[in-house]
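A quick write-up on the structure given underneath.
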Amino acid sequence: MSWGVETTRKDKLFLNIYDLTSNGVLHNIGIGAYHSGVQFRDEEYTFAGGAGVFHHGPKEAPGAVYRETLEIGSFEGGMTRVREVIEALQEEFGSTRYHVILNNCNHFSDRFCKLLTGKTIPPYVNRLAYIGSFAECLFPDRFKRSLTSGTPYSQVTEVGFTAFRGSGRKLNDVGSTSAPTQDNVSLIPSSAGETERLEMLRKQRLAKFDSS
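Taking full-length UniProt numbering, the leading residue of the sequence shown gets 1, the next gets one more, and so forth.
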């Protein structure tokens, strides 16, 4: 028996996946339309247009139909570590940064899981957006504008979400020895114009899939 040794608690991270349409056959071939959120203990963290990063009860995403829960992995550091990562992602996933193809809830879930556990979400969850990124240049301008203002939720600002308030620090500014480092999707400089920002983001997303 050893005395005076504190065992570090490891928390599990789960991915809750929801259907945005009936999916059906699309799910069977791996290109369904999904929403996702990352569950840590009794809260689920997600991202939506007009809301940014926020949290709600597990498996209770408004306007979406719950499908399944997957265990992603485990990590150490508890809520302190979770707050560090969410604050670090505030700029990349701010309330005005939503784009249904290039920067959606599934991109957030993937980054969140990767920074905490080193593991990514299953490719099928966001495959439809990946395919759409190749064809976006063919969409009419009116439709392109709707991509940045859309949200998978019905009137998300009226159903009672709790916004996660953070300092919006970049990944390399978090004051911790265990602070996350940027992976192969970098933060877009806030000084970039909207058209330039979306093009940079599109190239980064494609490069990530090409290298996987």
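Built from N, CA and C at the ideal position, the CB exists for glycine as well.
DSSP places Gly49 in no beta strand (DSSP E); its state is neither H nor E. In this structure, the CA atom of Pro123 is about 12 Å from the CA atom of Ser109. Here Asn103 is not near Asn126, since their CB atoms are 8 Å or more apart.
Taking one beta carbon from each stretch, the stretch 33–53 and the stretch 86–103 have 3 or more pairs nearer than 8 Å; the two touch. Taken in chain order, the complete beta strand (DSSP E) segments of 3 residues or longer contained in the stretch 36–119 are 43–48, 52–56, 65–76. With a 10 Å radius around the Cβ and a threshold of 16 neighbouring Cβ atoms, Phe134 comes out exposed. Taking C-beta separations shorter than 6 Å and ignoring five residues to either side along the sequence, the partners of Phe112 in its chain run Val38, following chain order.
Assigned with DSSP and collapsed to three states, Ile31 falls in coil, not helix or strand. For Ile121, no beta strand (DSSP E) run applies, since DSSP gives it neither H nor E. Note that the C-beta distance between Asp19 and Gly32 is below 8 Å. A straight-line Cα-Cα distance of about 19 Å links Arg67 and Ala129. Residues Gly32 of the same chain have their beta carbon placed closer than 6 Å to that of Leu26, with the five preceding and five following residues left out of the count.
Taking the Cβ atoms as the reference, Leu13 lies roughly 6 Å from Gly73, within the contact range of under 8 Å. If you draw a 10 Å sphere on the C-beta of Thr80, you find fewer than 16 other C-beta atoms in it, and that means exposed. If you check the CB distance, Ser95 and Ala51 come in under 8 Å.
Between the alpha carbons of Arg83 and Gln90 lies a gap of roughly 11 Å. Within 10 angstroms of the beta-carbon of Thr120 lie 16 or more other beta-carbons, which makes it buried. The beta carbon of Gly78 sits closer than 8 Å to the beta carbons of Arg9, Asp11 from its chain, once the five residues preceding and following it are set aside; these are given in chain order.
For Phe93 against Val53, the beta-carbon gap comes to about 5 Å, under 8 Å, which counts as contact. Here Asp42 has Gly57, Pro58 as same chain residues with Cβ atoms under 8 Å from its own Cβ, once five neighbours each way along the sequence are excluded.
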